[in-house]
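Colleague:
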């Protein structure tokens, strides 16, 4: 499992709020320069702050960049899905390392998944019962 | 030597076409895998099955229709040419592919047989549906499954029989009978024979589409849909922890997320999803085959000559 999850990039949750916002903007646009990001008007922060934050994301290997005139055009190096997978991997790794007994954290995971499954099945059963009642009501004259 | 060279060349072309088709299909699948989610389930299942077995059928047909006639017609029978390194190496790969496929299929069949024989201890006949016996088994899991290829049988655990209402059981059995009609266990055996890496996603998508197809076939109206959804939920609670043998088709074989998808789909049942409204996929297949044959026929001799030049280059 580690083979898939281990990465040199930090997980999304480890990024600061501004870094997360900028990553989100770049994922949405595909690529952008600092000026283009500021032009959208959603950010409300200074040019230099955006520039420094993008540079930091580039150094964290989350963005790639090419020169365009006197500025840089940034594009994401990892997709949103890859980032979420890495985050899930980190969470699972932390869980596995949280106890000396190797099987204990796995049992937490199985328990959590089973609980989630049971809740989902209960919810589905409620939906089915509701539909059944609806159909019965429709059949009675 | 002529025969040996012919076999080596045929196997070499087989492996080239088989790998080419497989790579092409898997690359295309990675690009457009999520498309067609909203197609009629039966058409999607047929399409995915065709994709999965296309390398085997394509490579087999290519060898039989082109490679063998080209070799027999154009290769001098009394030539003392050696087999050649390239056909020998590629032919060995061909033997390897076919050998691993055969071993895979036999292993899956043997393991399934062993598991099913274990479940059948103390089983009693409950019903007979169109020649397919429905057997009540003692173990709690599998709750409801279809086993067997030549002589299929539906196995229902005592726990599942106690849990389901007669209407739910009827809907669930109709679902399993749809799998019998579509010969899904045989298709799974063929998949085991078609060896190639990274095909699991394609098979999982086929399996999901096949489950939905069986759901569609089991349901005639909104009431049936509710009964089948209820049976699905109840039997998922009995689902076995370890994965079922490859060549069986349980009612609830996938994850809870997949059960969720199927139940939601059944809850939104529309009459026009009935299989009677699905155009026959075989018409398209036959149409394509006839079209291809008509295109190839006038150029057949030229193709054989071209292929023979390629064979000569390979043998050299």
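Chains as they are written, first to last, in the numbering used here: chain A, 17 to 157; chain B, 21 to 336.
Where is the CB? At the ideal position from N, CA and C, for every residue including glycine.
Model, not experiment: these values are computed from the prediction.
1) By the three-class DSSP mapping on this structure, what secondary structure does residue 336(B) have?
2) By the three-class DSSP mapping on this structure, what secondary structure does residue 217(B) have?
3) For a contact defined as C-beta to C-beta under 8 Å, what are the partners of residue 287(B) on chain A?
4) Taking 8 Å as the CB-CB cut-off, is residue 53(A) touching chain B?
5) So if I threshold CB-CB distances at 7 Å, which residues from the region 228 to 256 of chain B count as touching chain A?
6) Going along the region 65 to 81 of chain A in order, which residues come within less than 9 Å of chain B, judged by CB to CB distance?
7) Looking at the C-beta of residue 106(A), does it have a partner C-beta in chain B at a distance below 8 Å?
8) Tell me which residue opens and which closes the alpha helix (DSSP H) that residue 250(B) is part of.
9) Pick helix, strand or coil for residue 145(B), following the three-state DSSP scheme.
10) Taking buried to mean at least 16 other C-beta atoms within 10 Å of its own C-beta, is residue 97(A) buried or exposed?
11) Closest Cβ-Cβ distance between residue 140(A) and chain B: below 8 Å?
12) For the region 36 to 48 of chain B, list every residue whose C-beta sits within 9 Å of some C-beta in chain A, in sequence order.
13) Nearest to residue 45(B) by alpha carbon, out of 70(B), 268(B), 64(B) and 22(B)?
14) Would you report the Cα separation of residue 309(B) and residue 77(B), rounded to the nearest angstrom?
15) Could you check whether residue 24(B) and residue 83(B) sit closer than 8 Å to each other, using their CB atoms as the reference points?
16) Using a Cβ-Cβ cutoff of less than 8 Å, which residues in the same chain neighbour residue 115(B) once the five nearest sequence positions on both sides are dropped?
17) Closest Cβ-Cβ distance between residue 70(B) and chain A: below 8 Å?
18) For residue 28(B), collect the residues of the same chain with a Cβ closer than 7 Å to its Cβ; drop the 5 residues on either side in sequence, then sort them by chain order.
19) Among 336(B), 328(B) and 243(B), which has the Cα closest to the Cα of residue 146(A)?
20) Count the other C-beta atoms from every protein chain shown that fall within 10 angstroms of the C-beta of residue 247(B), then say buried if there are 16 or more, exposed otherwise.
21) Would you say residue 280(B) and residue 140(A) are within 8 Å of each other, going by their C-beta atoms?
22) Identify the residues that DSSP records as bridge partners of residue 14(A): which are they?
23) For a test of the three-state rule: what should DSSP assign to residue 222(B), helix, strand or coil?
24) For the 8 Å Cβ check, are there 3 or more pairs between the region 54 to 61 of chain A and the region 82 to 95 of chain A?
25) DSSP has residue 177(B) in a bridge; who is on the other side?
26) Quick one: any contact between the region 217 to 236 of chain B and the region 130 to 140 of chain B, if contact means 3 or more CB pairs under 8 Å?
27) By the three-class DSSP mapping on this structure, what secondary structure does residue 48(A) have?
28) Note the first and the last residue of the continuous beta strand (DSSP E) segment covering residue 268(B).
29) Within the same chain, show all residues whose beta-carbon is closer than 7 Å to that of residue 210(B), passing over the 5 residues directly before and after it, in chain order.
30) For residue 188(B), I'd like the list of residues in its chain whose CB is within less than 6 Å of its CB, leaving aside the five on either flank, ordered along the chain.
31) State the CB to CB distance for the pair residue 79(B) and residue 113(B), rounded to an integer number of angstroms; the pair is presumed to be in contact (CB under 8 Å).
32) Check residue 75(B) in the structure and name its three-state DSSP category.
33) Quick one: give me the first and last residue of the beta strand (DSSP E) that residue 165(B) is part of.
34) Are the CB atoms of residue 269(B) and residue 256(B) nearer to each other than 8 Å?
35) May I ask you to list, following chain order, the residues of the region 264 to 278 of chain B that have a beta carbon less than 7 Å from some beta carbon of chain A?
36) So which residues of chain A does residue 283(B) contact, with C-beta pairs closer than 8 Å?
Modeller: The short version:
1) The sequence position of residue 336(B) within the second chain is 316, counting from 1. Looking at residue 336(B) - three-state DSSP - the assignment turns out to be coil, as it is neither helix nor strand.
2) Locating residue 217(B) in the second chain gives position 197, where the first residue counts as 1. In this structure, residue 217(B) counts as coil in the three-state DSSP scheme.
3) On the second chain, residue 287(B) is found 267 positions in, with the first residue counted as 1. Going along chain A in sequence order, the residues near residue 287(B) (Cβ under 8 Å) are 143, 144 and 147.
4) By 1-based counting over the first chain, the position of residue 53(A) is 37. Not an interface residue.
5) Within the region 228 to 256 of chain B, contact with chain A at the beta-carbon level (separation under 7 Å) is assigned to 242, 243, 246, 249, 250, 253 and 256.
6) Residues passing the 9 Å Cβ filter: none.
7) The residue given as residue 106(A) occupies position 90 in the first chain. It does not; no Cβ of chain B falls within 8 Å.
8) The residue you call residue 250(B) lines up with position 230 of the second chain. Start and end: 242 to 256.
9) Position 125 of the second chain, counting from 1, holds the residue named residue 145(B). If DSSP states are grouped into helix, strand and coil, residue 145(B) belongs with the strands.
10) As a working mapping, residue 97(A) is identified with position 81 in the first chain. Counting the other Cβ atoms within 10 Å of the Cβ of residue 97(A) gives fewer than 16, which makes it exposed.
11) By 1-based counting over the first chain, the position of residue 140(A) is 124. Yes - at least one Cβ of chain B is within 8 Å of the one on residue 140(A).
12) For the region 36 to 48 of chain B, which is checked against every Cβ of chain A, not one residue is closer than 9 Å.
13) Taking the first residue of the second chain as 1, we reach residue 45(B) at position 25. Comparing Cα-Cα distances from residue 45(B) to each of 70(B), 268(B), 64(B) and 22(B), the minimum goes to 70(B).
14) Position 289 of the second chain holds residue 309(B). Position 57 of the second chain holds residue 77(B). Rounded to whole angstroms, residue 309(B) to residue 77(B) spans 12 Å at the Cα level.
15) Here residue 83(B) refers to the residue found at position 63 of the second chain. Here residue 24(B) refers to the residue found at position 4 of the second chain. Against a cut-off of 8 Å, the Cβ pair of residue 24(B) and residue 83(B) comes out as no contact.
16) By 1-based counting over the second chain, the position of residue 115(B) is 95. Cβ within range, chain order: 31.
17) Position 50 of the second chain holds residue 70(B). Judged by the 8 Å Cβ criterion, residue 70(B) is not in contact with chain A.
18) Stepping through the second chain from its first residue, residue 28(B) is reached at position 8. Excluding positions up to five away in sequence, the list reads 103, 107, 108 and 111.
19) The count along the first chain starts at 1 and reaches residue 146(A) at position 130. The shortest C-alpha separation from residue 146(A) is found at 243(B).
20) For the purposes of this step, residue 247(B) is taken as residue 227 along the second chain, with counting starting at 1. Label assigned to residue 247(B): buried.
21) Taking the second chain and counting its residues from 1, the one referred to as residue 280(B) is at position 260. Taking the first chain and counting its residues from 1, the one referred to as residue 140(A) is at position 124. Yes; because the gap between Cβ atoms is below 8 Å, this pair is in contact.
22) Past the edges of chain A, shown from 17 to 157, lies residue 14(A), and the structure says nothing about it.
23) Your numbering for residue 222(B) matches position 202 in the second chain. The answer is helix: DSSP assigns residue 222(B) an H, G or I state.
24) The region 54 to 61 of chain A makes no contact with the region 82 to 95 of chain A, as fewer than three CB pairs between them are under 8 Å.
25) As a position in the second chain, residue 177(B) is number 157, starting the count at 1. For residue 177(B), which the question treats as bridged, DSSP gives the partners 157(B).
26) Contact fails between the region 217 to 236 of chain B and the region 130 to 140 of chain B, because fewer than three Cβ pairs, one in each stretch, are under 8 Å apart.
27) Mapped onto the first chain, residue 48(A) falls at position 32. Of the three classes helix, strand and coil, the one that applies to residue 48(A) here is strand, per DSSP.
28) Counting from one through the second chain, the residue named residue 268(B) turns up at place 248. Annotation for residue 268(B): the continuous beta strand (DSSP E) segment containing it runs 268 to 270.
29) Sequence index remark: in the second chain, residue 210(B) carries index 190 (1-based). If we look at residue 210(B) and ignore the five residues flanking it on each side, its Cβ neighbours are 73.
30) Here residue 188(B) corresponds to residue number 168 of the second chain, with the count starting at 1. Result list for residue 188(B): 247, 250 and 251, in chain order.
31) Locating residue 79(B) in the second chain gives position 59, counting from the first residue. Locating residue 113(B) in the second chain gives position 93, counting from the first residue. With 8 Å as the limit, residue 79(B) and residue 113(B) do not qualify as a contact, their Cβ atoms being about 12 Å apart.
32) Translated into positions along the second chain, residue 75(B) becomes position 55. Helix at residue 75(B).
33) Position 145 of the second chain, counted from the first residue, corresponds to residue 165(B). According to the DSSP assignment, residue 165(B) belongs to the beta strand (DSSP E) that extends over 164 to 167.
34) Here residue 269(B) is taken as the residue at index 249 of the second chain, counted from 1. Here residue 256(B) is taken as the residue at index 236 of the second chain, counted from 1. No, Cβ-Cβ distance for residue 269(B) and residue 256(B) is not below 8 Å.
35) Hits within the stretch, in order: 276.
36) Here residue 283(B) refers to the residue found at position 263 when the second chain is read from its first residue. Residues of chain A whose Cβ lies closer than 8 Å to the Cβ of residue 283(B) are, in chain order, 140, 143 and 144.
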